[in-house]
Amino acid sequence: MERVKARPEPEIIEDVHHPLQPYFREERLPHIWCSGCGLGTTMSCFAYALRELDIGVDDVSIVSGIGRTGRLAGYMRSDSYHTTHGRAIPFASGLRVALSLVKPGHKVVVFSGDGDLFAIGGNHFIHAARRNLDINVVCVNNFNYGMTGGQIGPTTPQGARGTTAPFGTFENPFNLPYLAASCGAPYVARWTTLHARRLKDAMVEALSRKGFSFVEVISPCPINYGRRNQMPTGLEELNYYAENSVIRNFSDPKDADISVKGEIVVGTFVDEEKPDYFSVYHKFIEQIDDEK
Amino acid sequence: MLAGEYFFNGDVACAEGAIAAGCRVFAGYPITPQSEIAERMAHRLPRLGAYFLQMEDELASIAAALGAAWGGVKAMTATSGPGFSLMMENIGLAVMTETPCVIVDVQRGGPSTGLPTATSQGDMMQARWGSHGVQEIIAYAPSSPQEMFDFTIKAFNMAEQFRTPVMIMTDEVVGHMMERVVIDPEKIQITPRRKPTVPYEEFVPYRAGEDLVPEMACAGEGYRVHVTGLTHDEYGYPDMSLEAQAALVTRLADKIRKNSDQIIEYEEHFIEDAEIVIVSYGISARASWRSLALAREKGIRVGMLKLNTVWPFPQERIAALAGTVKGFVVPELNLGQIVLEVERSSAGKAIVKLVPHAGGGIHQPEQVLDAIEEVHQWRG
Chain A
194 MERVKARPEP EIIEDVHHPL QPYFREERLP HIWCSGCGLG TTMSCFAYAL RELDIGVDDV
254 SIVSGIGRTG RLAGYMRSDS YHTTHGRAIP FASGLRVALS LVKPGHKVVV FSGDGDLFAI
314 GGNHFIHAAR RNLDINVVCV NNFNYGMTGG QIGPTTPQGA RGTTAPFGTF ENPFNLPYLA
374 ASCGAPYVAR WTTLHARRLK DAMVEALSRK GFSFVEVISP CPINYGRRNQ MPTGLEELNY
434 YAENSVIRNF SDPKDADISV KGEIVVGTFV DEEKPDYFSV YHKFIEQIDD EK
Chain B
6 MLAGEYFFNG DVACAEGAIA AGCRVFAGYP ITPQSEIAER MAHRLPRLGA YFLQMEDELA
66 SIAAALGAAW GGVKAMTATS GPGFSLMMEN IGLAVMTETP CVIVDVQRGG PSTGLPTATS
126 QGDMMQARWG SHGVQEIIAY APSSPQEMFD FTIKAFNMAE QFRTPVMIMT DEVVGHMMER
186 VVIDPEKIQI TPRRKPTVPY EEFVPYRAGE DLVPEMACAG EGYRVHVTGL THDEYGYPDM
246 SLEAQAALVT RLADKIRKNS DQIIEYEEHF IEDAEIVIVS YGISARASWR SLALAREKGI
306 RVGMLKLNTV WPFPQERIAA LAGTVKGFVV PELNLGQIVL EVERSSAGKA IVKLVPHAGG
366 GIHQPEQVLD AIEEVHQWRG
């Protein structure tokens with residue numbers, strides 16, 4: 194009796210591509226992100242959002258800063274700009290303004306991490322939100338500096354550990370939706386990478402709005418954050434999200450603080466009509482008296 | 006673009022030069038003695054359907070200028086010493102990503118907050134070496150409002166031709182000096198952006214031709230370029246190998262070094278019979294004219310080498326002169342920066358005499374004259 198059954202020859206199917214294939218630089222894959230990281234999920238949610246809105250790769254530019262999330266720009270098939278640490282938003286601001294002169298409908302999306310956008314680049318975030326410049330900011334918040342090895346950052350919940358807080362951080366973290374809303378951002382949402390479909394929907398909404406939009410993505414970093422905070426695998430971090438996330442659309446973002454192992458309030462916090470930078474600019478410019 | 010004769014200060018002339026060169030995005034942050042450039046741009050650009058951006062700091066200003074350049078327009082930022090220090094990291098990004106842009110530094114006394122309203126040439130070496138890493142820089146040094154206008158146009162042209170940041174290293178006195186500026190649009194040449202000539206499938210974003218400068222595909226033009234400050238290969242993708250670093254950094258330096266004869270500009274006056282040559286730039290060159298005249302009255306044969314570009318440095322010209330003249334006198338509003346280049350280039354073949362000034366004012370004619378006489382009397 195044969196102990197091993199002969200396997201059937203695998204059927205080779207040619208010319209079948211993943212639906213998101215046009216959006217990625219295949220030659221750059223596989224990516225450098227760790228197993229369990231939420232960046233791959235975030236990137237595919239974004240590609241699905243582009244597909245749903247029928248935004249082609251040539252209709253959107255991706256700008257990122259430095260860090261693990263910063264590398265996302267290098268995997269997207271669009272024009273993509275991997276800039277300096279903290280400066281993705283001002284670079285994107287210049288890009289957006291210039292494009293309004295030559296390609297007005299072109300989208301500019303900033304992808305970066307919590308450290309890049311809110312520590313070294315925090316000043317630029319509040320001003321871009323204040324200006325209501327037409328850019329979409331996606332912050333992948335993994336509560337630490339993953340690329341440099343797990344140092345604490347401006348969103349690390351008080352008491353959580355990192356390599357620069359071996360006894361737990363004693364600082365207070367930013368509540369990002371509250372910060373964005375207080376600066377006047379007309380669209381503010383937060384989801385975790387567990388909420389992939391809702392995250393994609395939020396990206397669709399953000400891309401559909403005129404003006405500044407902000408989507409926070411709570412994302413696992415098992416190697417550098419989870420491992421030091423009793424969640425050493427991506428699955429355990431996702432379980433934490435599953436057990437502790439609460440959807441509260443249009444709740445006051447003031448109540449969306451995140452504590453160690455505490456509740457994560459997710460949902461859309463702000464979605465309002467507001468004149469964006471360009472519409473106000475053009476209104477003012479039309480009133481210029483050429484005699485003066 | 007304006008046309009005709011105007012009475013402008015140097016800052017305003019610089020802004021007008023930028024507009025004439027095609028600048029359509031200006032991003033800046035208020036700082037003395039540069040603010041008149043930003044104010045002029047805020048007044049002028051909206052009427053041209055263009056954008057003046059007052060950013061939240063100088064880090065944002067230069068980042069926005071770089072972003073605007075990738076959006077397909079010509080862009081500029083302007084600042085003074087403290088802001089120039091803040092811009093250094095992104096000047097490196099501009100070098101690495103080969104982003105054409107113009108950065109104006111209206112120098113003031115330093116270090117630190119120093120003398121906000123008074124002049125200096127203390128940032129000359131910072132322009133060259135301030136951003137980390139291995140790189141070459143192009144920098145102009147205007148000495149009058151007319152040169153502020155003319156050199157700003159040249160700076161934009163060089164930025165486009167060599168895809169690199171170009172600096173205007175001027176100072177408070179030139180920035181605030183009011184003088185006649187003649188604008189003749191027929192004489193103005195504009196260098197357009199170098200665009201790809203092949204379709205997307207054949208385009209290699211960082212593959213350069215003979216002049217070592219690749220073509221630039223901007224956002225939304227269908228070339229799907231990845232632009233990174235990381236060391237990258239010809240396709241623009243990160244490559245951390247020794248070979249990639251050597252290939253990229255060498256090409257970036259060589260595109261300036263090997264084309265330096267197209268970039269370097271200087272003026273020579275009374276050089277033919279000169280035994281002593283004043284080597285200077287910007288306001289210091291201008292202030293030295295009186296000293297040159299006084300020395301000539303005393304029978305000392307003095308000439309002037311006025312550097313219109315300070316970087317790349319005209320080392321070959323200095324080396325050639327060093328073999329024929331007795332010495333160089335180098336007045337500058339610092340305690341010795343460009344004089345180091347003159348010493349290096351003359352390689353001990355001529356006396357090199359610095360006329361230092363700590364900043365806050367300009368040299369008195371006698372100070373430069375004393376240095377000329379000292380070199381004249383020197384018996385080695």
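Residue numbers (our numbering), protein chains in the order written: chain A, 194 to 485; chain B, 6 to 385. Each residue gets a CB set at the ideal place from its N, CA and C atoms; glycine is no exception.
For the alpha helix (DSSP H) containing Met183(B), list its first residue and its last residue.
-> Numbered from its first residue, the second sequence carries residue 183(B) at position 178. From DSSP, Met183(B) is part of no alpha helix (DSSP H) but of the beta strand (DSSP E) over 183 to 188.
Compare the C-beta of Leu222(A) against all C-beta atoms of chain B and say whether one is closer than 7 Å.
-> Along the first sequence, one-based indexing puts residue 222(A) at 29. Interface criterion not met: the Cβ of Leu222(A) is under 7 Å from no Cβ in chain B.
Can you grab the Cα-Cα spacing for the pair Val344(B) / Ser472(A), in whole Å?
-> Residue numbering aside, residue 344(B) sits at position 339 when the second sequence is read from its first letter. Residue numbering aside, residue 472(A) sits at position 279 when the first sequence is read from its first letter. Rounded to the nearest angstrom, the two C-alpha atoms are 52 Å apart.
Through-space distance from Glu239(B) to Ala557(A), alpha-carbon basis = Summary: the structure shown does not reach residue 557(A), with chain A confined to residues 194 through 485, and so no result is reported for it.
Would Phe318(A) be called buried (16 or more neighbouring beta carbons within 10 Å of its own) or exposed?
-> The count along the first sequence starts at 1 and reaches residue 318(A) at position 125. Looking at its Cβ environment, which holds 16 or more other Cβ atoms inside 10 Å, Phe318(A) is buried.
In the stretch 281 to 349 of chain B, which residue ranges form an unbroken alpha helix (DSSP H) of at least 4 residues, counting only runs that do not cross its ends?
-> Given a length threshold of 4 residues, each whole run of the alpha helix (DSSP H) inside the stretch 281 to 349 of chain B is given here in chain order: 287 to 292, 294 to 302, 320 to 327.
Per-residue contacts from Ile487(A) into chain B (C-beta, under 8 Å) = This structure gives no information on residue 487(A), because the portion of chain A shown stretches from 194 to 485.
Is Ser254(A) closer than 7 Å to Val301(A) when the C-beta atoms are compared?
-> Within the first sequence, numbered from 1, the residue matching residue 301(A) stands at position 108. Within the first sequence, numbered from 1, the residue matching residue 254(A) stands at position 61. Going by beta carbons, Val301(A) and Ser254(A) fall inside the 7 Å limit.
Counting pairs of Cβ atoms below 8 Å between the stretch 354 to 362 of chain A and the stretch 329 to 343 of chain A, do you hit three or more?
-> Contact holds: three or more Cβ-Cβ distances are below 8 Å.
Determine the closest residue to Phe161(B) out of Gly27(B), Gln369(B), Asp16(B), with distance taken between C-alpha atoms.
-> What you label residue 161(B) is simply residue 156 of the second sequence in a count that begins at 1. Comparing Cα-Cα distances from Phe161(B) to each of Gly27(B), Gln369(B), Asp16(B), the minimum goes to Gly27(B).
Name the DSSP bridge partner or partners of Asp464(A)?
-> Numbered from its first residue, the first sequence carries residue 464(A) at position 271. For Asp464(A), the beta-bridge partners assigned by DSSP are Tyr380(A).
Within chain A, partners of Pro243(B) - CB distance below 7 Å | Position 238 of the second sequence, counted from the start, is the residue given in the question as residue 243(B). In chain order: Gly267.
Measure the CB-CB distance between Val333(A) and Val250(A) and report whether it falls below 7 Å.
-> The residue you call residue 333(A) lines up with position 140 of the first sequence. The residue you call residue 250(A) lines up with position 57 of the first sequence. Val250(A) sits away from Val333(A), with the two beta carbons spaced by 7 Å or more.
Name the residues in the stretch 422 to 445 of chain A whose C-beta lies less than 9 Å from a C-beta of chain B; which are they?
-> Within the stretch 422 to 445 of chain A, no residue has a Cβ that lies closer than 9 Å to any Cβ of chain B.
Which whole-angstrom value is the C-beta distance of Thr104(B) and Leu71(B), which I expect to be below 8 Å?
-> On the second sequence, residue 104(B) is found 99 positions in, with the first residue counted as 1. On the second sequence, residue 71(B) is found 66 positions in, with the first residue counted as 1. At roughly 5 Å, the Cβ-Cβ gap stays under 8 Å, so Thr104(B) and Leu71(B) are in contact.
Any Cβ of chain B within less than 7 Å of the Cβ of Lys300(A)?
-> Against the first sequence, residue 300(A) aligns to sequence position 107. It does not; no Cβ of chain B falls within 7 Å.
What is the DSSP secondary structure of His231(B), counted as helix, strand or coil?
-> Start at 1 with the first residue of the second sequence, and residue 231(B) comes out as number 226. In the three-state reduction of the DSSP assignment, His231(B) falls in the strand class.
Cβ-Cβ separation, Gly287(B) to Thr102(B) (assumed contact under 8 Å), whole Å | For the purposes of this step, residue 102(B) is taken as the residue at position 97 of the second sequence. For the purposes of this step, residue 287(B) is taken as the residue at position 282 of the second sequence. Rounded, the Cβ-Cβ distance is 29 Å, inconsistent with contact.
Which whole runs of the alpha helix (DSSP H) in the stretch 61 to 147 of chain B are 4 residues long or more, in chain order?
-> Listed in chain order, they are 63 to 75, 86 to 102, 129 to 134.
Have a look at Val324(A) and Tyr470(A) and give me their C-alpha separation to the nearest angstrom.
-> What you label residue 324(A) is simply residue 131 of the first sequence in a count that begins at 1. What you label residue 470(A) is simply residue 277 of the first sequence in a count that begins at 1. For the record, residue 324(A) in the displayed sequence is Arg; it is not Val. Across the structure, Arg324(A) and Tyr470(A) are spaced so that their CA atoms are roughly 6 Å apart.
Hey, does Glu165(B) have any beta-carbon neighbour from chain A nearer than 7 Å?
-> Residue 165(B) sits at position 160 when you count from the first residue of the second sequence. So no, Glu165(B) is outside the interface.
Same chain, Cβ closer than 6 Å to Val284(B), neighbours up to 5 away in sequence not counted = As a first step, residue 284(B) must be located in the second sequence, where it is residue number 279. Same-chain partners within the cutoff: Leu310, Phe333, Val335, Val347.
Thinking Gly427(A) and Pro446(A) are a contact (beta carbons under 8 Å), I'd like their distance in whole angstroms, please.
-> Your numbering for residue 427(A) matches position 234 in the first sequence. Your numbering for residue 446(A) matches position 253 in the first sequence. Not really, about 27 Å apart at Cβ, beyond 8 Å.
Chain-ordered residues of the stretch 277 to 307 of chain A with a beta carbon less than 7 Å from chain B | Taking 7 Å as the Cβ-Cβ cut-off, the stretch 277 to 307 of chain A approaches chain B at Thr277, Arg280, Pro283, Phe284, Ala285, Ser286, Gly287, Leu288, Val290, Ala291, Leu292, Leu294, Val295, Lys296, His299, given in chain order.
Can a CB atom of chain B be found closer than 7 Å to the CB of Tyr274(A)?
-> On the first sequence, position 81 is the one that residue 274(A) refers to. Contact of Tyr274(A) with chain B is assigned, a C-beta pair being separated by under 7 Å.
If you draw a straight line from the alpha carbon of Gln166(B) to that of Thr196(B), how long is it in whole angstroms?
-> For the purposes of this step, residue 166(B) is taken as the residue at position 161 of the second sequence. For the purposes of this step, residue 196(B) is taken as the residue at position 191 of the second sequence. Going by the C-alpha atoms only, they are around 7 Å apart.
Sufficient close CB pairs (3 or more, under 8 Å) joining the stretch 362 to 376 of chain A to the stretch 389 to 403 of chain A | The stretch 362 to 376 of chain A is not in contact with the stretch 389 to 403 of chain A.
Val331(A), DSSP secondary structure in three states = Taking the first residue of the first sequence as 1, we reach residue 331(A) at position 138. Three-state DSSP puts Val331(A) in a strand.
Roughly how many angstroms separate the alpha carbons of Arg29(B) and Phe57(B), rounded to a whole number?
-> Residue numbering aside, residue 29(B) sits at position 24 when the second sequence is read from its first letter. Residue numbering aside, residue 57(B) sits at position 52 when the second sequence is read from its first letter. The alpha-carbon atoms of Arg29(B) and Phe57(B) are separated by roughly 8 Å.
Whose C-alpha, out of Val463(A), Leu232(A), Arg421(A), Asp482(A), is nearest the C-alpha of Leu369(A)?
-> Counted from its first residue, the first sequence places residue 369(A) at position 176. The shortest C-alpha separation from Leu369(A) is found at Val463(A).
Beta-carbon proximity check, Val315(B) vs Ala164(B), cutoff 7 Å | Taking the second sequence and counting its residues from 1, the one referred to as residue 315(B) is at position 310. Taking the second sequence and counting its residues from 1, the one referred to as residue 164(B) is at position 159. No, the Cβ-Cβ distance between Val315(B) and Ala164(B) is not below 7 Å.
Starting from His320(A), find everything on chain B with Cβ-Cβ shorter than 7 Å and list it in chain order.
-> As a first step, residue 320(A) is located in the first sequence; it is residue number 127 there, counting from the start. Going along chain B in sequence order, the residues near His320(A) (Cβ under 7 Å) are Glu61.
With DSSP collapsed to three states, give me the class of Tyr271(B).
-> Within the second sequence, residue 271(B) is the residue found at index 266, counting from 1. The three-state reading of DSSP puts Tyr271(B) in strand, counting E and B together.
How would you label Lys303(B), buried or exposed, when you count the other beta carbons within 10 angstroms and need 16 or more for buried?
-> For this step, residue 303(B) is matched to residue 298 along the second sequence. Its Cβ having fewer than 16 others within 10 Å, Lys303(B) is exposed.
Whole-angstrom C-beta distance between Val111(B) and Leu294(A), which should lie under 8 Å | Within the first sequence, numbered from 1, the residue matching residue 294(A) stands at position 101. Within the second sequence, numbered from 1, the residue matching residue 111(B) stands at position 106. That belief does not hold up - the Cβ atoms of Leu294(A) and Val111(B) are roughly 27 Å apart, past 8 Å.
Reduced DSSP category for Met174(B) - H, G, I as helix; E, B as strand; rest coil | Within the second sequence, numbered from 1, the residue matching residue 174(B) stands at position 169. Note: Met174(B) maps to strand in three-state DSSP.
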